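As structure tokens, the structure follows; a few thoughts come after it.
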Amino acid sequence: MNLDDTFCFKLGFDKKKDEKGRVYYKKTYGAGAYALVTALEGQDDIADDAFHVAYHNEPLNVLMENDCESPMGGEFFLSNALEMTKNMKK
Numbered sequence: 001m002n003l004d005d006t007f008c009f010k011l012g013f014d015k016k017k018d019e020k021g022r023v024y025y026k027k028t029y030g031a032g033a034y035a036l037v038t039a040l041e042g043q044d045d046i047a048d049d050a051f052h053v054a055y056h057n058e059p060l061n062v063l064m065e066n067d068c069e070s071p072m073g074g075e076f077f078l079s080n081a082l083e084m085t086k087n088m089k090k
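Using full-length UniProt numbering, read the sequence shown as starting at 1 and increasing by one per residue.
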């Protein structure tokens, strides 16, 4: 599976481009809660085998980030981040 298959089709992320034309993926879970899949720091392009996943939940003051080497690894990280914050109180 590639990033489009995992994040767009399976997990419902939107594929977007920033002001420089670089691709990234974003999914909003609610007010102030979202996940981003971007290129690794220092890299211009996102790749199936090297990318960064970040989960932000501003109301809960949570930021979880991880560099990943496979789409399945990114999916696993995001699943864990969502599960860990599911029962947190505002």
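Backbone N, C-alpha and C fix where the C-beta goes; we use that ideal spot for every residue, glycine too. Quick caveat, the model's predicted, so the values are computed rather than measured.
Query raised in the report: When the Cα of ALA54 is compared with those of PHE77, ASP48, LEU60 and ILE46, which residue comes out closest?
Result: Taking the sequence shown and counting its residues from 1, the one referred to as residue 54 is at position 54. Here the closest residue by C-alpha is PHE77.
Query raised in the report: Can you pull the DSSP bridge partners for LEU63?
Result: Taking the sequence shown and counting its residues from 1, one reaches residue 63 at position 63. In the DSSP output, where bridge partners are listed per residue, LEU63 has HIS56.
Query raised in the report: Taking buried to mean at least 16 other C-beta atoms within 10 Å of its own C-beta, is PRO59 buried or exposed?
Result: On the sequence shown, residue 59 is found 59 positions in, with the first residue counted as 1. With fewer than 16 Cβ atoms within 10 Å of its Cβ, PRO59 is classed as exposed.
Query raised in the report: Quick one: what does DSSP say ASP14 is sitting in, helix, strand or coil?
Result: On the sequence shown, position 14 is the one that residue 14 refers to. Looking at ASP14 - three-state DSSP - the assignment turns out to be strand.
Requested in this report: Check whether the Cβ atoms of GLY74 and ASN57 lie closer than 9 Å to each other.
Outcome: As a first step, residue 74 is located in the sequence shown; it is residue number 74 there, counting from the start. As a first step, residue 57 is located in the sequence shown; it is residue number 57 there, counting from the start. Their beta carbons are not under 9 Å apart, which means GLY74 does not touch ASN57 by this criterion.
Query raised in the report: Are PHE7 and VAL37 touching if we call contact CB-CB under 9 Å?
Result: Counted from its first residue, the sequence shown places residue 7 at position 7. Counted from its first residue, the sequence shown places residue 37 at position 37. In this structure, VAL37 lies closer than 9 Å to PHE7 by Cβ.
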